[in-house]
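S.K.: Below: one structure in structure tokens.
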Amino acid sequence: MEGPGPVEILPGLYALDLRPLGIENFLSTYVMVGREALVVDCGPACSIGRLIEGLEAVGVKPESLRYILATHIHIDHVGGASELLNWAPDAELLVHERGVKHMVKPDRLWEGSLKVLGQLAEAYGPIGAVDEDRVAGLREGDTVELAGGPVLEVLETPGHASHHVSFFDGENRILFPGDSAGIYIAPLDLLLPTTPSPHRLDLTFSSLDKQSALRPEVACYPHFWASDRASELLDAYRRQLEVWARVIGDNVEEDEEELLGLLASEDGNIARVMPFLDAYPLLRGGLLRSIRGIKEFLSSGGAG
Numbered sequence: 006m007e008g009p010g011p012v013e014i015l016p017g018l019y020a021l022d023l024r025p026l027g028i029e030n031f032l033s034t035y036v037m038v039g040r041e042a043l044v045v046d047c048g049p050a051c052s053i054g055r056l057i058e059g060l061e062a063v064g065v066k067p068e069s070l071r072y073i074l075a076t077h078i079h080i081d082h083v084g085g086a087s088e089l090l091n092w093a094p095d096a097e098l099l100v101h102e103r104g105v106k107h108m109v110k111p112d113r114l115w116e117g118s119l120k121v122l123g124q125l126a127e128a129y130g131p132i133g134a135v136d137e138d139r140v141a142g143l144r145e146g147d148t149v150e151l152a153g154g155p156v157l158e159v160l161e162t163p164g165h166a167s168h169h170v171s172f173f174d175g176e177n178r179i180l181f182p183g184d185s186a187g188i189y190i191a192p193l194d195l196l197l198p199t200t201p202s203p204h205r206l207d208l209t210f211s212s213l214d215k216q217s218a219l220r221p222e223v224a225c226y227p228h229f230w231a232s233d234r235a236s237e238l239l240d241a242y243r244r245q246l247e248v249w250a251r252v253i254g255d256n257v258e259e260d261e262e263e264l265l266g267l268l269a270s271e272d273g274n275i276a277r278v279m280p281f282l283d284a285y286p287l288l289r290g291g292l293l294r295s296i297r298g299i300k301e302f303l304s305s306g307g308a309g
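What the sequence shown shows, in this note's numbering, is residues 6 to 309, in sequence order.
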């Protein structure tokens, strides 16, 4: 395996830097291992080979992978699910019930990915169709039980996407928030919003409150890595979004680049990443899309 392999962050819980397109510290997947195993957010098609190497490195065989969980059906989180299902003949993909039809017939999902991400979506690789009998829908209050492992509670956490769910291991106080709780760049210890259109800021706040009420101790972020300050980071993200809503709302006539500069004067996390944006166009593009998402939400009167 090229680059660092899986890291056991807690007993039976591994994190792997998927390094899509060779980009480090951008996208992580999580593997829970008991008598069976599951994967949370398998990543895009271009990373599945690396994920399979990681699964093999921690002793997961194709026949022991039981579930592939998706927090939402954006291409960077679940685009490679069909390839992973081909490797694991008994595995089942679990997504929000609204996402099932899009995984069975992913044409619209792929077209939307191309529209938003362009060449980046093409580099990630196409979203393969999943057989109808190998994908199931999730809703609030469902549980996912792993033989020899924990029980995960399903939380509907819309805002970033209408089809977003999070997973909570109540026994070990571990939260898998997907993109509902922002981007946490672990090497820099900073939070960044992920609020691209169509974003519902009101629902994001409700989803954050729901997750905070559980008082999680560990948060496993797909972007990027895990933190043992879960509750603190959830609260910090809420405050950050409040700042963004105020700054963007007060300057809604400005374009995204101008708003980025204004946010840097109010949000210390943005100020810290500003010097790196020219060298990391992927990060700049993500921030501008997030600014646009909040701007469009506020311009619509907050109705989504």
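All C-beta atoms in this analysis are idealised placements derived from N, C-alpha and C, irrespective of residue type, glycine included.
Starting from the C-beta of residue 309, find all residues in its chain whose C-beta is less than 6 angstroms away, skip the five residues before and the five after it, and write them out in chain order.
M.R.: Low local confidence applies: a pLDDT of 49 at residue 309 is under 50, so the model's placement there is unreliable, and no value is given.
S.K.: Enumerate, from N- to C-terminal direction, the unbroken alpha helix (DSSP H) stretches of 4 or more residues contained entirely within the region 16-68.
M.R.: Entirely contained in the region 16-68, the alpha helix (DSSP H) runs reaching 4 residues are, in chain order, 53-62.
S.K.: According to the neighbour-count rule (16 or more other Cβ atoms, all chains shown, within 10 Å of its Cβ), is residue 88 buried or exposed?
M.R.: Classification of residue 88: buried, given that the 10 Å Cβ count is 16 or more.
S.K.: Using the rule of at least 16 other Cβ atoms within 10 Å of the residue's Cβ for burial, across every protein chain shown, is residue 124 buried or exposed?
M.R.: By the 10 Å Cβ count, residue 124 comes out exposed.
S.K.: When you compare each of 55, 145, 181 to residue 223 by their alpha carbons, which one comes out closest?
M.R.: For residue 223, the nearest C-alpha among the options comes from 181.
S.K.: Taking the alpha carbon of residue 127 as the reference point, which residue from 116, 188, 192, 136 has its own alpha carbon closest?
M.R.: The shortest C-alpha separation from residue 127 is found at 116.
S.K.: Which residues share a DSSP beta bridge with residue 249?
M.R.: According to DSSP, residue 249 bridges with nothing at all.
S.K.: Can you give me the start and stop residues for the alpha helix (DSSP H) that residue 209 sits inside?
M.R.: Here the alpha helix (DSSP H) through residue 209 covers 206-217.
S.K.: Taking the C-alpha atoms as reference points, what is the distance between residue 201 and residue 177?
M.R.: If I take the Cα positions, the gap works out to 31 angstroms.
S.K.: Along the chain, where does the beta strand (DSSP E) containing residue 129 start, and where does it finish?
M.R.: No beta strand (DSSP E) holds residue 129; the alpha helix (DSSP H) holding it covers 124-129.
S.K.: Under a three-way DSSP split, which group does residue 292 fall into?
M.R.: Residue 292: helix per DSSP, three-state reduction.
S.K.: Given residue 183, which residues of its chain have a CB within under 8 angstroms of its CB, disregarding the five upstream and five downstream residues?
M.R.: Within the same chain, residue 183 has close Cβ partners 46, 76, 77, 82, 162, 165, 169, 170, 171, 227.
S.K.: Classify residue 317: buried if its beta carbon has 16 or more other beta carbons within 10 angstroms, exposed otherwise.
M.R.: Nothing can be reported for residue 317, as the shown portion of the chain is limited to 6 through 309.
S.K.: Since residue 100 and residue 108 should fall inside the 8 angstroms C-beta cutoff, what is the C-beta to C-beta distance between them, to a whole number of angstroms?
M.R.: Going by Cβ atoms, the distance from residue 100 to residue 108 rounds to 6 angstroms, so yes, they are a contact pair.
S.K.: Is it true that the CB of residue 241 sits closer than 8 angstroms to the CB of residue 196?
M.R.: Result yes, Cβ atoms of residue 196 and residue 241 sit closer than 8 angstroms.
S.K.: Judging by CA-CA distance, which residue of 167, 10, 17 is the nearest neighbour of residue 208?
M.R.: Minimum Cα distance to residue 208 is reached at 167.
S.K.: Hey, would you say residue 48 sits closer than 8 angstroms to residue 60, going by beta carbons?
M.R.: Result no, Cβ atoms of residue 48 and residue 60 do not sit closer than 8 angstroms.
S.K.: Going by Cα to Cα distance, which pick from 303, 69, 147, 198 is closest to residue 186?
M.R.: Out of 303, 69, 147, 198, 198 has the C-alpha closest to the C-alpha of residue 186.
S.K.: State buried or exposed for residue 190, treating a residue as buried only when at least 16 other CB atoms are found within 10 Å of its CB.
M.R.: Residue 190 is buried by the Cβ-count criterion.
S.K.: The beta strand (DSSP E) with residue 149 in it runs from where to where?
M.R.: 148-150 is the extent of the beta strand (DSSP E) around residue 149.
S.K.: Out of 95, 130, 150, 14, state which residue places its alpha-carbon closest to the alpha-carbon of residue 1.
M.R.: Any property of residue 1 remains undetermined from this structure, which presents the chain solely from 6 to 309.
S.K.: Can you give the beta carbon distance from residue 267 to residue 256, rounded, assuming they're within the 8 angstroms contact cut?
M.R.: Contact holds; Cβ gap of about 6 angstroms.
S.K.: Measure the C-alpha to C-alpha separation of residue 98 and residue 193 and round it to an integer number of angstroms.
M.R.: Residue 98 and residue 193: Cα-Cα distance of roughly 32 angstroms.
S.K.: Taking the alpha carbon of residue 147 as the reference point, which residue from 21, 159, 136, 37 has its own alpha carbon closest?
M.R.: Of 21, 159, 136, 37, the residue nearest in Cα terms is 159.
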